[in-house]
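*Asks:* Residue numbers (the working numbering): 435 to 598.
My questions all concern the structure below.
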Amino acid sequence: MRRAIYPGSFDPVTNGHLDIIQRGCKLFDEIIVAILINPEKTAFFSVSERKEILADVLKEIEQGRCKVVVDSFEGLLVQYAAERQANAIVRGIRAISDYEYELQMALMNRRLEPSIETVFMMPAETYSYVSSRLVKEVFQLGGELDGLVPPLVDARMKEKVKKG
Ligand code: PNS
């Protein structure tokens, strides 16, 4: 049983994240998409909204025989991963600029918990420039999100600003 944790903020989940999950599904029997609970960061969506959105979009993508579950965690990632008996942490790397920070985290996580491997995966080139941060910026400035996030995410973002 190969279980991986795919951690992140997912605020919001993008097509790049979904691409990584689908690629990860080829390597693992189970992927736990784990949303970091970070009270210090002001988020667009609350953790419970992000959980709900992720669960909904995951219903719409091909996962093969891999089980994908959504969860949230606080504190140290490796502690959470060990509690969930995961073998690996999956992180997406889009460009060299991501690598330095990701390498630091992977090595720190290895020092804290040597039994858990970090696996870096590359998304499709189409998503190499897509990030949740830019998605929010484009959205807030009135740009189109077609092809960057699932239609459900676009709809939920529009709904959220309408409600205020
Ligand atoms: O989507 P993000 O914001 O790039 O994800 C960052 C995340 C959640 C992977 C990272 O902040 C994290 O693992 N936080 C948990 C706290 C922790 O374990 N810190 C030490 C890791 S070096």
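We put the CB at the ideal spot given by N, CA and C, even for glycine.
Within its chain, find whatever has a CB closer than 6 Å to the CB of glutamine 497; leave out the 5 residues flanking it on each side and keep chain order.
*Replies:* Locating residue 497 in the sequence shown gives position 63, where the first residue counts as 1. Only Cys459 meet the Cβ criterion.
*Asks:* Which whole-angstrom value describes the C-beta separation of valine 524 and valine 553, a residue pair presumed to lie in contact below a C-beta threshold of 8 Å?
*Replies:* Here residue 524 corresponds to residue number 90 of the sequence shown, with the count starting at 1. Here residue 553 corresponds to residue number 119 of the sequence shown, with the count starting at 1. Confirmed, about 5 Å.
*Asks:* Select from Leu579, Thr560, Pro557 and Ser482 the residue whose C-alpha is nearest the C-alpha of valine 569.
*Replies:* Your numbering for residue 569 matches position 135 in the sequence shown. Of the candidates Leu579, Thr560, Pro557 and Ser482, the one whose C-alpha sits nearest the C-alpha of valine 569 is Leu579.
*Asks:* Assign proline 441 to one of two classes, buried (16 or more other C-beta atoms within 10 Å of its C-beta) or exposed (fewer than that).
*Replies:* The sequence position of residue 441 within the sequence shown is 7, counting from 1. By the 10 Å Cβ count, proline 441 comes out buried.
*Asks:* Would you check if there are 3 or more beta carbon pairs closer than 8 Å linking the stretch 465-475 to the stretch 502-509?
*Replies:* Short answer: they touch.
*Asks:* From aspartate 445 to alanine 438, what distance separates their C-alpha atoms?
*Replies:* Residue numbering aside, residue 445 sits at position 11 when the sequence shown is read from its first letter. Residue numbering aside, residue 438 sits at position 4 when the sequence shown is read from its first letter. Rounded to the nearest angstrom, the two C-alpha atoms are 20 Å apart.
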